[in-house]
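For reference, the structure discussed in these notes is given below.
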């Protein structure tokens with residue numbers, strides 16, 4: 001099992017020390033330019049009053065402004081690069097971790113919620129760089145340097161201003177404690193609506209066939225309204241800081257004018273110094289606001305980071321009892337053995353299977369039959385180790401399933417699920433998804449010919465490189481045959497097929513039966529079967545009901561000795 005490192009923002013930000021240092025230095029140059037403006041203004045006023053030339057001062061001020069603007073742009077670009085790299089690393093790490101989570105955990109989280117982690121959550125972390133890191137250092141420098149310059153110009157006016165802004169800081173700090181909680185609530189709500197919308201799109205055919213667009217729209221509208229209300233609360237919290245700061249600035253300005261007027265009337269404060277002080281005070285509002293905004297973004301980033309780390313802390317699938325174990329060689333003539341196995345799905349009241357014992361021969365076709373809810377799909381999930389039994393023992397090719405390295409176990413099994421799931425990728429990629437090395441085109445075409453899809457794929461715009469699910473889509477039967485062709489291309493010891501003929505016509509079903517018989521000569525083939533033709537050709541039949549074994553044996557033997565099997569057989573014959 002891979003260990004996924006928790007996200008540490010400081011470590012992520014400092015991965016590019018050279019770019020970070022250059023960005024901060026450029027930010028300091030930009031801040032220095034802003035700090036110099038009031039002092040230059042003070043000197044201009046003094047020189048004009050004394051009748052001295054100010055040409056060089058004006059030229060210097062212009063050059064300083066240009067340099068500050070260039071430095072600010074350079075700093076923003078470097079920080080943007082750092083942010084892009086950070087988001088890329090986090091997205092890759094999170095996607096890698098999600099792909100290795102247990103199947104049940106992925107299903108419980110939901111595709112929409114997990115997708116939101118690598119989209120909106122990742123972008124919110126990016127704001128830590130774009131707003132937090134980009135603005136906070138320069139803003140903090142501007143605030144400290146401006147206050148120092150103001151104190152140098154007039155300490156009394158500085159104390160008056162500081163008292164007002166201290167009250168403003170207390171008010172804004174009160175708002176910050178709600179920002180983090182709201183950020184988590186917003187991201188959770190976004191994941192929820194993404195999951196709901198995704199599930200509705202998956203069922204779009206059913207929705208349209210049922211004329212349920214209005215009902216679904218109403219459901220999604222309620223979810224969207226919830227997101228809107230949570231977002232509105234966050235907007236109010238963010239917006240609350242602006243009037244508080246603006247009001248504080250106005251009060252501070254009024255107090256400075258009153259006190260400064262008194263000082264100027266007594267001759268203790270010059271007009272030039274007072275003008276410079278007021279410019280610093282007016283200039284102070286922007287960096288203070290940016291500083292508070294940056295702190296707010298850091299709080300939000302901290303909340304989002306915790307969401308990521310909660311996910312990354314979720315244990316991945318266990319590899320095996322010994323991570324150094326190599327792929328075991330088949331040790332006996334048994335393919336799969338269940339010995340008194342029980343399993344209950346998380347949150348379910350009743351076990352899916354109870355004390356189940358069965359075996360699948362090392363070679364030949366075995367069919368798994370039974371009514372709906374009998375536990376057939378659960379058996380397949382346990383074989384693939386998508387779930388771990390609560391009690392009992394499972395062995396694969398003579399080795400305890402828990403002793404197998406997970407990748408080797410699944411590398412020994414070809415699994416075609418009930419939905420015939422295909423990737424949104426090319427035909428080539430779908431056929432070779434289980435292979436580490438590229439497969440020759442001739443082998444791909446041979447597999448497609450075996451399932452009767454050669455003509456259909458050759459008619460695609462890019463043939464083997466045509467992306468399935470884009471401009472070109474497949475019928476249910478064609479998707480089923482692509483999945484079967486993928487099984488043909490495998491060289492695994494076990495082949496598991498979950499209801500593989502549900503969408504095949506008679507001609508293609510005959511072709512499928514021939515393929516399965518060929519595979520069964522050298523492999524263990526386990527098929528969840530409903531069609532009589534598949535059951536009749538099986539070497540071994542296992543019947544389940546209510547999570548337990550009813551009987552197992554040859555088809556003709558079960559017809560004579562197992563009444564439930566005979567009833568199921570007759571019911572299928574009637575349909």
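Numbering (UniProt numbering), first residue to last: 1 to 575. For every residue, glycine included, the Cβ atom is placed at its ideal position computed from N, Cα and C.
How many Å lie between residue 286 and residue 172 at the Cα? 15 angstroms
Can the beta-carbon of residue 431 be found closer than 8 angstroms to that of residue 447? Their beta carbons are under 8 angstroms apart, which means residue 431 touches residue 447 by this criterion.
Quick one: what's got a C-beta closer than 8 angstroms to residue 196's C-beta in the same chain, skipping five residues either side? 112, 219, 220, 223
Residues near residue 179 by beta carbon distance below 7 angstroms, same chain, minus five either side: 237, 296, 299, 300
C-alpha gap between residue 114 and residue 310, whole angstroms: Rounded to the nearest angstrom, the two C-alpha atoms are 12 angstroms apart.
Residue range of the beta strand (DSSP E) that includes residue 381: First-last for residue 381: 376 to 383, but that is the alpha helix (DSSP H), not the beta strand (DSSP E).
Just verifying my parser: in three-state terms, what is the DSSP assignment at residue 269? coil
Determine the burial state of residue 481: buried for a count of at least 16 other Cβ atoms within 10 Å of its Cβ, exposed for fewer. buried
Consult DSSP for residue 164 and reduce its assignment to one of helix, strand or coil. Residue 164 falls in the helix class under three-state DSSP.
Return helix, strand or coil for residue 564, following the three-state DSSP convention. helix
From residue 470 to residue 464, what distance separates their C-alpha atoms? Because residue 470 sits at a pLDDT of 49, beneath the cut-off of 50, its placement in the model cannot be relied upon, and the following sentence gives the value as read from the coordinates. When rounded, the distance between both Cα atoms is 14 angstroms.
Which whole-angstrom value describes the C-beta separation of residue 376 and residue 382, a residue pair presumed to lie in contact below a C-beta threshold of 8 angstroms? With 8 angstroms as the limit, residue 376 and residue 382 do not qualify as a contact, their Cβ atoms being about 11 angstroms apart.
Give me the Cα-Cα distance between residue 190 and residue 116, rounded to the nearest whole angstrom. Put simply, the backbone Cα of residue 190 is about 7 angstroms away from that of residue 116.
Residue 26 versus residue 72: straight-line alpha-carbon distance, rounded: Linking residue 26 to residue 72 through their CA atoms gives a straight-line distance of about 6 angstroms.
What separation, rounded to the nearest whole angstrom, lies between the Cα atoms of residue 549 and residue 129? 59 angstroms
Let me confirm a value: residue 186 is counted as buried when at least 16 other C-beta atoms fall within 10 Å, else exposed. Which label applies? buried
With a floor of 4 residues, list each alpha helix (DSSP H) that falls wholly inside the stretch 55 to 122, ordered by position along the chain. 55 to 99, 103 to 109, 111 to 116
Taking the continuous beta strand (DSSP E) assigned at residue 392, which residues delimit it? 391 to 396
Starting from residue 364 and walking both ways along the beta strand (DSSP E), at which residues does that stretch end? That run of the beta strand (DSSP E) goes 364 to 369.
C-beta contact flag for residue 524 and residue 360 at 8 angstroms: When the beta-carbon positions are compared, residue 524 and residue 360 come within less than 8 angstroms of each other.
Helix, strand or coil: how does DSSP classify residue 433 here? coil
Label residue 6 either buried or exposed according to how many other C-beta atoms from any shown protein chain fall within 10 Å of its C-beta, with 16 as the threshold for buried. exposed
Residues of its chain near residue 571, where Cβ-Cβ distance is below 8 angstroms and the 5 sequence neighbours each way are ignored: none
Going by beta-carbon coordinates alone, are residue 552 and residue 541 separated by less than 8 angstroms? Going by beta carbons, residue 552 and residue 541 fall inside the 8 angstroms limit.
Would the beta-carbon of residue 233 fall within 8 angstroms of that of residue 182? yes
Go through its chain and collect everything with a Cβ distance to residue 126's Cβ below 6 angstroms, but skip five positions before and after it. Apart from sequence neighbours up to five positions away, the residues of its chain that approach residue 126 with a beta-carbon distance below 6 angstroms are 83, 87, ordered along the chain.
Could you tell me which residues DSSP puts in a beta bridge with residue 543? 369, 551
C-beta contact flag for residue 240 and residue 175 at 8 angstroms: Note that the C-beta distance between residue 240 and residue 175 is below 8 angstroms.
Starting from residue 442, trace the alpha helix (DSSP H) both ways and give me its first and last residue. 441 to 450
Which residues does DSSP pair with residue 497 in a beta bridge? 416, 527
Opposite residue 358 in the DSSP bridges: which residues? 338
Find the nearest neighbour of residue 96 within the set 139, 256, 317, judged by alpha-carbon distance. Of 139, 256, 317, the smallest CA-CA separation from residue 96 is found for 317.
At the level of alpha carbons, what is the spacing between residue 433 and residue 67? About 55 angstroms.
Let me check understanding here. Comparing Cα to Cα, which of 231, 254, 516 lies closest to residue 499? 516
Is the Cβ-Cβ distance between residue 389 and residue 343 less than 8 angstroms? Going by C-beta atoms, residue 389 is nearer than 8 angstroms to residue 343.
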